[in-house]
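A.B. asks: Respectively, the protein sequence lines represent chains E and U.
Position 139, counted from 1, in the first sequence is what the numbering used here calls 139; the numbers after and before it change by one each time, with no gaps.
Position 313, counted from 1, in the second sequence is what the numbering used here calls 313; the numbers after and before it change by one each time, with no gaps.
Quick one: the structure is below, and I'll ask about it shortly.
2 protein chains.
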Amino acid sequence: MASIKDVAARAGVSAATVSRVLNEHPAVSPDTRARVLAAVAELEYRPNALARSLRTAQTRTIGLVVSDVLNPFFTELARAVEDEARALGYSVVIGNADEQPRLQDHHIATLLDRRIDGLLLSPADGASPLLRETVREGSVPLVFVDRWIPGLDGVPVVRADGCAAIRDLVRHLHALGRRRLAIIAGPAATTTGRERIGAFRAALAELGLTLPQEYIGQGDFQADSGRRSAAGFLELPEPPDAVFAADNLMALGALDEFRGRGLRVPEDIALAAFDDIPWFPHTAPPITAIAQPTRELGRAAVRALADRIEGRTASSVTLSARLVARRSCGEPERT
Amino acid sequence: MASIKDVAARAGVSAATVSRVLNEHPAVSPDTRARVLAAVAELEYRPNALARSLRTAQTRTIGLVVSDVLNPFFTELARAVEDEARALGYSVVIGNADEQPRLQDHHIATLLDRRIDGLLLSPADGASPLLRETVREGSVPLVFVDRWIPGLDGVPVVRADGCAAIRDLVRHLHALGRRRLAIIAGPAATTTGRERIGAFRAALAELGLTLPQEYIGQGDFQADSGRRSAAGFLELPEPPDAVFAADNLMALGALDEFRGRGLRVPEDIALAAFDDIPWFPHTAPPITAIAQPTRELGRAAVRALADRIEGRTASSVTLSARLVARRSCGEPERT
DNA sequence: CTGAAAGCGCTTACAG
DNA sequence: CTGAAAGCGCTTACAG
Numbered sequence: 001m002a003s004i005k006d007v008a009a010r011a012g013v014s015a016a017t018v019s020r021v022l023n024e025h026p027a028v029s030p031d032t033r034a035r036v037l038a039a040v041a042e043l044e045y046r047p048n049a050l051a052r053s054l055r056t057a058q059t060r061t062i063g064l065v066v067s068d069v070l071n072p073f074f075t076e077l078a079r080a081v082e083d084e085a086r087a088l089g090y091s092v093v094i095g096n097a098d099e100q101p102r103l104q105d106h107h108i109a110t111l112l113d114r115r116i117d118g119l120l121l122s123p124a125d126g127a128s129p130l131l132r133e134t135v136r137e138g139s140v141p142l143v144f145v146d147r148w149i150p151g152l153d154g155v156p157v158v159r160a161d162g163c164a165a166i167r168d169l170v171r172h173l174h175a176l177g178r179r180r181l182a183i184i185a186g187p188a189a190t191t192t193g194r195e196r197i198g199a200f201r202a203a204l205a206e207l208g209l210t211l212p213q214e215y216i217g218q219g220d221f222q223a224d225s226g227r228r229s230a231a232g233f234l235e236l237p238e239p240p241d242a243v244f245a246a247d248n249l250m251a252l253g254a255l256d257e258f259r260g261r262g263l264r265v266p267e268d269i270a271l272a273a274f275d276d277i278p279w280f281p282h283t284a285p286p287i288t289a290i291a292q293p294t295r296e297l298g299r300a301a302v303r304a305l306a307d308r309i310e311g312r313t314a315s316s317v318t319l320s321a322r323l324v325a326r327r328s329c330g331e332p333e334r335t
Numbered sequence: 001m002a003s004i005k006d007v008a009a010r011a012g013v014s015a016a017t018v019s020r021v022l023n024e025h026p027a028v029s030p031d032t033r034a035r036v037l038a039a040v041a042e043l044e045y046r047p048n049a050l051a052r053s054l055r056t057a058q059t060r061t062i063g064l065v066v067s068d069v070l071n072p073f074f075t076e077l078a079r080a081v082e083d084e085a086r087a088l089g090y091s092v093v094i095g096n097a098d099e100q101p102r103l104q105d106h107h108i109a110t111l112l113d114r115r116i117d118g119l120l121l122s123p124a125d126g127a128s129p130l131l132r133e134t135v136r137e138g139s140v141p142l143v144f145v146d147r148w149i150p151g152l153d154g155v156p157v158v159r160a161d162g163c164a165a166i167r168d169l170v171r172h173l174h175a176l177g178r179r180r181l182a183i184i185a186g187p188a189a190t191t192t193g194r195e196r197i198g199a200f201r202a203a204l205a206e207l208g209l210t211l212p213q214e215y216i217g218q219g220d221f222q223a224d225s226g227r228r229s230a231a232g233f234l235e236l237p238e239p240p241d242a243v244f245a246a247d248n249l250m251a252l253g254a255l256d257e258f259r260g261r262g263l264r265v266p267e268d269i270a271l272a273a274f275d276d277i278p279w280f281p282h283t284a285p286p287i288t289a290i291a292q293p294t295r296e297l298g299r300a301a302v303r304a305l306a307d308r309i310e311g312r313t314a315s316s317v318t319l320s321a322r323l324v325a326r327r328s329c330g331e332p333e334r335t
């Protein structure tokens, strides 16, 4: 590949001059500019971003470490992040933690080594040593998106609050006559995992219901754990009459299990999920879900991060989620 | 951030020595090694990957440019690519073309600027000038995955052949009494778009059926186009009695449209899709689909690329897809 | 308006 | 076994 020296030689100028025209420095005469541009075209020259970044100490790249790319919520989030980042002149490099803290740290480390300008993180669990150090040293501007880590002050959080929607869901189930409500929870190490079970329990309490231990399935936000938890519920002497899965993948797992056992939803058991996805209107039955403003989250997160990177102050933003009632808990599906 | 000089100073050695212990060069005495390692730990030193890559002319990174991340097929492919790449010691940077040639080229350019060691590409359409040049110059080892570009010789292709499965599908529909078969095709500029409609037409011909122009919906592999094509079919004087969507997103769009108009699947119209996804068993009705060995594709593609990067010869690989009959075309759903 | 020089943070022959 | 030196490909004060 041609280097800046080749271009300089061809245009009969110095490398400094080539650099200037490429960076649109004003002080270049029109015709040297033309000669340089011609040489660039002839040699099909592409500046080496590594060298440039090494010199300027910025990469115009942000990292996005997501808990699980196979989860449509994160896929959509990643997509929104990419779009907004591109609009602001950044590229994004995605790392997939697959819900494993180890893998998350691997990606964070790789991204730091690459000297990304900023990091968007949806932590797979609590704060690893690497993460604490990153925050403490301020080695890279950081913004949490969706999930966050309490106690790491000064890190903006962009997320959706699902509490009100979960309360709506519980009331919805209650209104439809369900009384034995169970939850397939996310990992307690995640904020979303805790928030969702907390809101669920609180809403139950408001209605005078409790959440017995057997009605708490411990999931990890992935499909298999939904399957296992659902199986556990069904083997109880008194199985629940409604199950709330704390994300869409665990709902998929639960649905698999229900069908495998020949149960009808919602007749035999109701099912609802956190996170709405395009397929939910088409499942049998259509699944009641809590929808997050996913694209807005992605965009807001990028803007907050860009603010930090570029020296402005960034603030946290909390949007809200909303209940989309379909048929999987009974009734609905008018529209 | 600490640099190699800081570490060297702290350990009382030269930068060269620090470099040697970090790269596990054998010729380092045990105790200098220990001193260096201690300094590294104390300073929480992380080598600058940019500088290293600039010097060594390799990034240990491969690029993956995918036609549409929101398509579960590509998400799963990306995931498999990441896993295999990590196993081989590479990281991967993903670019999402969103089915737009312009955006695809933007990502390819960005990746080239970053001096990735190799590129995995599922082209959004024909060969852009940038792509032709990349191949011609051999500026970066390239492997096509899923889709490819005919005429660019010497570029290995890792893909699944869907022809036999499509033939199986057409026979399946025929056996169930369907005679007016329509297709929502992908872009003619893509190999998969062409292959799928070609195989469909050929299978029809074998049964003495033709594929009239009105029964060809021109889609772009995204949901909206599925919706529009389905609407077009339904407004025909003689609508089809079966629709084959050339990917899962267009099937989603078609399903949306059918339901919006109150049509029953499969009673009023049969539906089948290319690409199987985890939700298909749970839709109403469960959707008959053609499943690709997606993970194997991703892994094989990475291996082929690594072969090229590391100077071995890489060959193309063609796996095959298979029909998974469910209820959306009538009957099935035993299992 | 333009060039020579220094330097970003590494690695790697070359000496010793 | 270890260090000094050169160089990867850029950018950017500093002179002129």
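Just so you know, even glycine gets a beta-carbon here, dropped at the ideal spot from N, CA and C.
Note that the coordinates shown come from a computational prediction; the quantities given were computed from them, not determined experimentally.
Starting from the beta carbon of residue 96 of chain U, find every residue of chain E whose beta carbon is closer than 8 Å, and list them in chain order.
C.D. replies: 79 and 82
A.B. asks: How big is the Cα-Cα spacing for residue 313 of chain E and residue 327 of chain U?
C.D. replies: 55 Å
A.B. asks: By Cβ distance below 8 Å, which residues in the same chain neighbour residue 360 of chain U in space, the five residues on each side in sequence not counted?
C.D. replies: Since the first and last residues shown for chain U are 1 and 335, residue 360 of chain U lies out of range.
A.B. asks: For residue 126 of chain U versus residue 149 of chain U, is the C-beta distance shorter than 8 Å?
C.D. replies: yes
A.B. asks: Please name the residue or residues paired with residue 216 of chain E in a DSSP beta bridge.
C.D. replies: E:183
A.B. asks: Do the CB positions of residue 44 of chain U and residue 2 of chain U come within less than 8 Å of each other?
C.D. replies: With contacts defined as CB atoms closer than 8 Å, residue 44 of chain U and residue 2 of chain U qualify as a contacting pair.
A.B. asks: Would residue 325 of chain E be called buried (16 or more neighbouring beta carbons within 10 Å of its own) or exposed?
C.D. replies: Residue environment: residue 325 of chain E is assigned as buried (16 or more neighbouring CB atoms within 10 Å of its CB, all protein chains considered).
A.B. asks: Using a Cβ cut-off of 9 Å, pull out every chain U residue sitting near residue 23 of chain E, in sequence order please.
C.D. replies: Near residue 23 of chain E there are no residues of chain U at all, since even the closest Cβ is about 14 Å away, more than 9 Å.
A.B. asks: Only counting the same chain, and skipping five residues up and downstream in sequence, which positions put a Cβ closer than 8 Å to that of residue 93 of chain E?
C.D. replies: Result list for residue 93 of chain E: 61, 62, 63, 64, 111, 114 and 116, in chain order.
A.B. asks: What does the alpha-carbon distance come out to for the pair residue 78 of chain E and residue 18 of chain E?
C.D. replies: 36 Å
A.B. asks: Could you pull out every residue in the same chain whose Cβ sits closer than 8 Å to the Cβ of residue 76 of chain U, ignoring the five residues on either side in sequence?
C.D. replies: 294, 295 and 298
A.B. asks: Starting from residue 258 of chain E and walking both ways along the beta strand (DSSP E), at which residues does that stretch end?
C.D. replies: Taken as a continuous stretch (DSSP letters only), residue 258 of chain E belongs to no beta strand (DSSP E), being part of the alpha helix (DSSP H) at 248 to 260.
A.B. asks: Give me the Cβ distance between residue 85 of chain E and residue 317 of chain E, rounded to the nearest whole Å; I'm assuming they're in contact under 8 Å.
C.D. replies: Taking 8 Å as the upper bound for CB-CB distance, residue 85 of chain E and residue 317 of chain E are not in contact here, some 17 Å apart.
A.B. asks: Do you know offhand how far residue 257 of chain U's Cα is from residue 72 of chain E's?
C.D. replies: 22 Å
A.B. asks: Of all the beta strand (DSSP E) runs that stay within the bounds of the stretch 277 to 315 of chain U, which reach a length of 3 or more residues?
C.D. replies: Runs of the beta strand (DSSP E) inside the stretch 277 to 315 of chain U: 288 to 291.
A.B. asks: By DSSP's criteria, residue 320 of chain U is part of a beta bridge. Which residues make up the other side?
C.D. replies: According to DSSP, which records beta bridges pairwise, residue 320 of chain U is partnered with U:161.
A.B. asks: Short of 8 Å Cβ to Cβ, which residues in the stretch 52 to 75 of chain U face chain E?
C.D. replies: 53, 54, 59, 69, 70, 72 and 75
A.B. asks: Kindly provide the ranges of any alpha helix (DSSP H) runs that are 4 or more residues long and lie completely inside the stretch 66 to 140 of chain E, ordered along the chain.
C.D. replies: 72 to 87, 101 to 113 and 129 to 137
A.B. asks: Using DSSP bridges, identify the partner residues of residue 143 of chain E.
C.D. replies: E:120
A.B. asks: Within the same chain, show all residues whose beta-carbon is closer than 8 Å to that of residue 20 of chain E, passing over the 5 residues directly before and after it, in chain order.
C.D. replies: 27 and 28
A.B. asks: When DSSP builds the beta bridges, which residues end up paired with residue 59 of chain E?
C.D. replies: BP columns for residue 59 of chain E are empty, so no partner.
A.B. asks: Look up residue 270 of chain E in the DSSP assignment and say whether it is helix, strand or coil.
C.D. replies: The three-state reading of DSSP puts residue 270 of chain E in strand, counting E and B together.
A.B. asks: Among E:240, E:89 and E:210, whose alpha-carbon lies nearest the alpha-carbon of residue 265 of chain E?
C.D. replies: The shortest Cα separation from residue 265 of chain E among E:240, E:89 and E:210 belongs to E:240.
A.B. asks: Is the Cβ of residue 296 of chain U closer than 8 Å to any Cβ of chain E?
C.D. replies: no
A.B. asks: Run down chain U in chain order and give the residues with a C-beta less than 7 Å from the C-beta of residue 275 of chain E.
C.D. replies: Within chain U, no residue comes near residue 275 of chain E; the closest Cβ sits about 13 Å away, beyond 7 Å.
A.B. asks: So the candidates are U:208, U:227, U:238 and U:181; which of them puts its Cα closest to the Cα of residue 216 of chain U?
C.D. replies: The residue among U:208, U:227, U:238 and U:181 with its C-alpha nearest the C-alpha of residue 216 of chain U is U:181.
A.B. asks: What separation, rounded to the nearest whole angstrom, lies between the Cα atoms of residue 270 of chain E and residue 263 of chain E?
C.D. replies: 10 Å
A.B. asks: Would you give the residue range spanned by the alpha helix (DSSP H) that residue 243 of chain U belongs to?
C.D. replies: That residue, residue 243 of chain U, is in no alpha helix (DSSP H); its beta strand (DSSP E) goes 242 to 245.
A.B. asks: Across the stretch 185 to 196 of chain E and the stretch 241 to 252 of chain E, are there enough close Cβ pairs to call them in contact, namely three or more that are closer than 8 Å?
C.D. replies: The stretch 185 to 196 of chain E is in contact with the stretch 241 to 252 of chain E.
A.B. asks: Pull up the distance between the alpha-carbon of residue 51 of chain U and that of residue 101 of chain U, whole angstroms please.
C.D. replies: 32 Å
A.B. asks: Taking beta-carbon pairs under 9 Å, can you tell me which members of the stretch 255 to 279 of chain E lie near chain U?
C.D. replies: Within the stretch 255 to 279 of chain E, 255, 256, 259, 277, 278 and 279 place their CB atoms closer than 9 Å to a CB of chain U, listed in sequence order.
A.B. asks: For residue 1 of chain E, which residues in chain U fall below 7 Å Cβ to Cβ?
C.D. replies: For residue 1 of chain E, the chain U residues whose C-beta falls within less than 7 Å of its own C-beta are 139, listed in chain order.
A.B. asks: Name, going along the chain, the residues of the stretch 32 to 53 of chain E whose beta-carbon falls closer than 9 Å to a beta-carbon of chain U.
C.D. replies: 44, 46, 47, 48, 49, 50, 51, 52 and 53
A.B. asks: Can you give me, in chain order, the residues of the stretch 304 to 324 of chain U that have a beta carbon less than 8 Å from any beta carbon in chain E?
C.D. replies: none
A.B. asks: At the 8 Å Cβ level, is residue 7 of chain E part of the contact set with chain U, yes or no?
C.D. replies: no
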